[in-house]
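Below: one structure, written as structure tokens.
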Ligand SMILES: [Zn+2]
């Protein structure tokens, strides 16, 4: 490797047009089966080169490329597709690790006051920048994000994501009841705000709009109908909301919507459950709900750290696989206590352990990369280290600190090694993070 090339790469703001990255490449060619620690879906190329041109992956090979390629040497480090966090709240960084409540009290006591501050455009813009940089510092290069009810909070996220080249899916939060002053909209104004944001940001670069219903209790039936009409009018729009997170919430929804068959049915009736819908949690769903999700192709964003921290419940991941709906992995900060998806994978394993099940590293990693990308219909853009995909990459030390180093040293086969990594790693293991070929961390 030439020093000049390396120096140029490290100091230049713009990435070179053609460059190559060396490391242990790990991704998936398909969905691994539940329980398989050896899986044909895993693609592991130890000490290989990834070729990148104009921000996209163009090749993957064992031999070093010729001198016309600027080289970035991550030999001995783990190279993964950038992680995709499918459910996380930008304004909640400051209420992470708040003591002593379950979901509904937690919203009133901690979350709503923090979200009110985002009415101030300066706060929204500063908050978006800090938040996206924190995602990148955790190896997360794409996200489906809740801002606040304020239009400016969505504008700020779209603008900040575009500046970083990240794939971002977000939309102004809809809530016109059961929320304090300063955090409620109304149907007509909310619809105007959504239409304007969709016109300006949806499909611009890597930004996409999600019709964003906070959750059924904070929207009137009229507002839910408006949200459904937006989705029906444009099938390229995403939808994000929460569903069946905790038992008190489920009981409240049953009270508020006595005609609905279930919590999920409140959304289904107005056309919000579709193939671009991302529903967070989905812990307390019955068999009819699960088969509906599978029929619609809607995904559940599983949030293990949040579910444990708020005591919400234990998500039935194998049941989801059996029913046939996609599951992605999400931090749900501030309910979750970390933006790190490896730490969430470790928590996901523990959730399944409490249910008497075993989550493999392959199912967990797939859910945070290729699985999430495909569930979002963005599999051609991200989630894999395949030619054609954007060069969204995270590079990791296999071990950080003496305990992890000792564990890594005795790992015998690949699943054992990756499982130990997933259980012990966090943002301190991150060596570099690239978005569309540009180094961000
Ligand atoms: Zn959430």
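In full-length UniProt numbering, the protein residues as written are 1 to 441.
Virtual Cβ for every residue (Gly too), placed ideally from N, Cα, C.
How many Å lie between residue i and residue j at the Cα?
i, j, result
"residue 277", "residue 299", "6 Å"
"residue 210", "residue 187", "17 Å"
"residue 289", "residue 269", "12 Å"
"residue 314", "residue 135", "25 Å"
"residue 363", "residue 285", "21 Å"
"residue 432", "residue 253", "44 Å"
"residue 10", "residue 84", "Confidence is the limiting factor: at residue 10 the pLDDT is only 49, short of 50, which leaves the residue's position unreliable and the question unanswerable from this model."
"residue 405", "residue 151", "47 Å"
"residue 329", "residue 69", "35 Å"
"residue 80", "residue 384", "8 Å"
"residue 19", "residue 409", "31 Å"
"residue 415", "residue 37", "6 Å"
"residue 424", "residue 304", "16 Å"
"residue 295", "residue 173", "26 Å"
"residue 143", "residue 158", "11 Å"
"residue 162", "residue 366", "26 Å"
"residue 348", "residue 44", "23 Å"
"residue 246", "residue 293", "19 Å"
"residue 160", "residue 125", "8 Å"
"residue 60", "residue 382", "15 Å"
"residue 179", "residue 441", "38 Å"
"residue 156", "residue 190", "17 Å"
"residue 375", "residue 56", "21 Å"
"residue 454", "residue 225", "Because the chain spans 1 through 441 in this model, residue 454 falls outside it and cannot be assessed."
"residue 30", "residue 361", "14 Å"
"residue 417", "residue 411", "5 Å"
"residue 250", "residue 281", "12 Å"
"residue 100", "residue 346", "23 Å"
"residue 266", "residue 167", "29 Å"
"residue 442", "residue 78", "Summary: the structure shown does not reach residue 442, with the chain confined to residues 1 through 441, and so no result is reported for it."
"residue 444", "residue 114", "Given a span of 1 to 441 for the chain in the structure shown, any question on residue 444 remains unanswerable."
"residue 121", "residue 194", "17 Å"
"residue 391", "residue 32", "23 Å"
"residue 357", "residue 350", "9 Å"
"residue 237", "residue 95", "29 Å"
"residue 71", "residue 223", "53 Å"
"residue 12", "residue 92", "Here residue 12 scores only 43 on pLDDT, less than 50, and its place in the model is too uncertain to base an answer on."
"residue 302", "residue 119", "29 Å"
"residue 6", "residue 199", "The predicted model places residue 6 with a pLDDT of 48, which falls under 50 and marks its position as unreliable; any figure quoted below should be read in that light. Rounded to the nearest angstrom, the two C-alpha atoms are 42 Å apart."
"residue 235", "residue 273", "12 Å"
"residue 297", "residue 275", "5 Å"
"residue 352", "residue 129", "34 Å"
Looking only at DSSP bridge pairs, what is residue i linked to?
i, result
"residue 26", "44"
"residue 417", "Partner(s): none; residue 417 has no beta bridge."
"residue 146", "89"
"residue 53", "18 and 56"
"residue 301", "280 and 328"
"residue 396", "78 and 430"
"residue 72", "21"
"residue 170", "145 and 209"
"residue 101", "According to DSSP, residue 101 bridges with nothing at all."
"residue 83", "140"
"residue 435", "438"
"residue 61", "49"
"residue 390", "56"
Between residue i and residue j, which are expected to be in contact by the criterion C-beta below 8 Å, what is the C-beta distance as a whole number of angstroms?
i, j, result
"residue 310", "residue 335", "5 Å"
"residue 82", "residue 393", "6 Å"
"residue 332", "residue 306", "4 Å"
"residue 177", "residue 220", "5 Å"
"residue 481", "residue 215", "Absent from the model: residue 481. The displayed extent of the chain is 1 to 441, so no value can be given."
"residue 27", "residue 370", "7 Å"
"residue 217", "residue 183", "Their Cβ separation, rounded to whole angstroms, is 13 Å, which puts residue 217 and residue 183 out of contact at 8 Å."
"residue 15", "residue 439", "7 Å"
"residue 420", "residue 428", "Contact doesn't hold; Cβ gap of about 15 Å is too wide."
"residue 170", "residue 147", "6 Å"
"residue 263", "residue 244", "5 Å"
"residue 21", "residue 52", "7 Å"
"residue 140", "residue 341", "6 Å"
"residue 149", "residue 387", "In fact, because the Cβ distance is near 42 Å, the residues do not count as touching under 8 Å."
Query raised in the report: Considering only residues of the stretch 182-264, which uninterrupted beta strand (DSSP E) runs meet the minimum length of 3 residues and lie entirely inside it, listed in chain order?
Result: Qualifying beta strand (DSSP E) stretches, in chain order: 207-213 and 238-243.
Query raised in the report: In chain order, what are the residues with a CB under 6 Å from some non-hydrogen atom of ligand 1?
Result: Shown in chain order are the residues whose CB sits closer than 6 Å to a heavy atom of ligand 1: 87, 89, 242, 280, 332 and 335.
Query - Inside the stretch 323-383 only - beta strand (DSSP E) runs reaching at least 3 residues - result: Fully enclosed beta strand (DSSP E) runs of no fewer than 3 residues occupy 327-329 of the stretch 323-383, in order along the chain.
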